[in-house]
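Numbering (our numbering), first residue to last: 33 to 284.
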Ligand code: MG
């Protein structure tokens, strides 16, 4: 009996293939060749990627309307290729509606400012305008030498997430936002299935990294969601003469 077991074990060990004999995976098996990614000519300093929707290219406001009255043209000023808030005229928003997207925007607060805190070069990029005075705000504000609550400074997701870094340039200089917006998902009954996510770079510096919003922006109280579909993108009139240029979006 014992001899037979030993013989069986020896036989087994002889039968086992060595590592060197095992078939090696073929690297070609994990190569994917199709479908090929769509060819996009990248943006330059002043032009959008070839597949982007240009929201403001320096000429006119044809892509924008008054947020309070979408049948009314946007009332902000366009001069020398630059769009500037006309204080008191109200927020403006895109004619088009968007779901998920990549957006590029350049903004500039006036070189000379008299206010402080939230009253110093305040505007805002509402990533989805969900109604009058509503939406999800990525703050625009002078923050080079301006103290305010950190979840309300430039590049904050207002009252929800402070920026990961303060990448502000001086007042009077052009600054960039590059944003990846993932819209929230709602069920047929309006229940929240997935929150909105925001990744944002300010002047090329990561300031929001897949931040999961708790709801729409609220000035006071706790944020909450209200179901919505594709929505306009909105720029805020907070009374300050903040300027914009080179705004484009790539729906995803
Ligand atoms: Mg604002």
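Backbone N, C-alpha and C fix where the C-beta goes; we use that ideal spot for every residue, glycine too.
Asked                                                                                                                                                : Found
Taking only the alpha-carbon atoms, compute the straight-line gap between residue 119 and residue 221 and give it to the nearest angstrom.           : 39 Å
Restricting to runs no shorter than 4 residues, where is the alpha helix (DSSP H) found entirely within the stretch 71-143?                          : none
For a test of the three-state rule: what should DSSP assign to residue 283, helix, strand or coil?                                                   : strand
Taking the beta carbon of residue 203 as the centre, do at least 16 other beta carbons fall within 10 Å, making it buried, or is it exposed?         : buried
Do residue 266 and residue 158 count as a contact pair if the criterion is CB distance below 8 Å?                                                    : yes
Should residue 216 be labelled buried (16 or more other beta-carbon atoms within 10 Å of its own) or exposed?                                        : buried
In whole angstroms, what is the alpha-carbon distance linking residue 74 and residue 54?                                                             : 46 Å
With a cut-off of 8 Å on the beta carbons, I'd call residue 171 and residue 185 a contact; round off their distance for me.                          : 7 Å
If you draw a straight line from the alpha carbon of residue 72 to that of residue 147, how long is it in whole angstroms?                           : 43 Å
Between residue 231 and the rest of its own chain, which residues show a CB-CB distance below 8 Å, the 5 nearest in sequence each way excluded?      : 211, 212, 238, 240, 241, 242 and 243
Is the closest heavy atom of ligand 1 to the C-beta of residue 207 under 7 Å?                                                                        : no
Can you tell me whether residue 34 is buried or exposed? The criterion is at least 16 other CB atoms within 10 Å of its CB, across all chains shown. : Note on residue 34: pLDDT 48, under 50, position unreliable in the model; the coordinate value appears next. Residue 34 comes out exposed.
For the candidate residues 121, 115, 90 and 64, whose alpha-carbon lies nearest to that of residue 100?                                              : 121
Measuring only the C-alpha atoms, how far is residue 179 from residue 151?                                                                           : 11 Å
So does residue 185 have its beta carbon nearer than 7 Å to some heavy atom of ligand 1?                                                             : no
Relative to ligand 1, is the shortest distance from any of its heavy atoms to the C-beta of residue 265 smaller than 7 Å?                            : no
Under DSSP, the beta strand (DSSP E) around residue 168 begins and ends at which residues?                                                           : Careful: residue 168 lies outside any beta strand (DSSP E) and carries neither H nor E.
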